[in-house]
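Number 24 in the numbering used here belongs to position 24 of the sequence shown; there are no gaps in the numbering. All remarks here apply to the structure that follows.
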Amino acid sequence: MTTLMAVYDADSCAGQCDAECYDATKPGCGCICAGRNHGAGKKRAVRNTRKYADQWLDRAIEANSSILAASIMPDAQALARMEGTEAEL
Ligand SMILES: [Zn+2]
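Listed below in structure tokens is the structure:
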């Protein structure tokens, strides 16, 4: 399963967006993308993650002040580059 983005507190992963979200077929999203990637499919979700990661991180930190780190999967960045979406940023 590809995790597109995750945030961490001192002990563990505090939230993430992964295939469970972007491949979802049922409504209801509680993950850090706040529904933006929900059911969007991997391609679009990768693009969204690249574009909105900063916003999602800001929001995650607002909601949970113990968040210390975040990660965006390298393959999300590589895929976005391959698709030439960097020019749109
Ligand atoms: Zn998500």
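The beta carbon of each residue, even a glycine, is placed where N, CA and C say it ideally should be.
query, result
"Under 8 Å between C-beta atoms of A24 and N64", "no"
"Reduced DSSP secondary structure (H/G/I, E/B, other) of L89", "Confidence at L89 is low in this model, with a pLDDT of 44, below 50, so the placement of that residue should be treated as unreliable; the coordinate-derived value is given next. Coil at L89, not helix or strand."
"Cβ neighbour criterion (16 or more within 10 Å) applied to A109", "With the chain covering only 1 through 89, there is no way to say anything about residue 109."
"Cβ-heavy atom distance, C33 to ligand 2, below 7 Å", "Ligand 2 is absent from the structure shown, which contains only ligand 1."
"Cross-strand partners of I72 (DSSP beta bridge)", "M5"
"Contact check, M1 vs Q16, beta carbons under 8 Å", "no"
"Check: C21 C-beta below 7 Å from any heavy atom of ligand 1", "yes"
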